[in-house]
Amino acid sequence: MKKVQQGFTLIELMIVIAIIGILAAIALPAYQQYVAKARYSEVVLATSGVKSALEVCAQSRGGFGAALCNVPADLEVLQAAAGASDAPQVTSVTATLAGATAVVTATPNATNGFVAGDTYIITGTYSANGSVNWIVTGGCLAQGFCSTL
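In this text, residue positions in the sequence shown follow this note's numbering: the first is 125, and each later residue adds one.
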């Protein structure tokens, strides 16, 4: 009478462990990048209120001039009113206005894998037909935390 094999051999178990290790080695970096992008979305969102306000101003007043849009030098007052001060991933949001161009810069908090150089910068240009075109630049593009508009 032959003895029926029960259970797994050592080599079978080692193969399964090796497969799990390979899958984990591939999945873990992808998951970490996904988490970083999700955290960075808070930095991008912090600029949306300023961006919308500047678009309305430019379209109703014909440009981004500081006198036209009446944007304070310190946006912390606006951020606090909008609840952006509750954004732990964001250090600051600033806006610079000059004629037909507006530059909004968001700086992430230097935690959770971010550094001060991972800025999110959007530059809006007011065109003669009344539209505003935005371009994304900054350190976040190189890191893969943000994408172009």
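Ideal placement from N, C-alpha and C gives every residue a C-beta, glycine not left out.
Between the CA atoms of Trp258 and Leu192 - distance to the nearest angstrom: 19 Å
If you reduce the DSSP assignment to three classes, tell me which class Leu221 lands in. strand
Go ahead and pull the three-state DSSP assignment for Thr261. strand
Comparing C-alpha positions only, which one of Tyr250, Gly248, Val256, Thr235 sits nearest to Val167? Thr235
With 16 other Cβ atoms within 10 Å as the buried cut-off, status of Leu221: buried
Just curious, the beta strand (DSSP E) that Gly248 is in, first and last residue? 244-250
Distance check for Ala154 and Asp242, CA to CA, integer angstroms please. 19 Å
Determine whether the beta carbon atoms of Ala170 and Val227 lie at a separation below 8 Å. no
Here's a check: name, in chain order, each residue in its chain whose Cβ is nearer than 6 Å to the Cβ of Glu179, leaving out the five neighbours to either side. Val256
Cβ shell of Arg185 (< 8 Å), same chain only, five flanking positions each side left out: Leu192, Cys193.
From Gly223 to Ser165, what does the alpha carbon distance come to, in whole angstroms? Roughly 29 Å between the two C-alpha positions.
Of the choices Ala148, Ser172, Phe238, whose alpha-carbon is the least far from that of Thr218? If we check each option's Cα against that of Thr218, Ser172 comes out closest.
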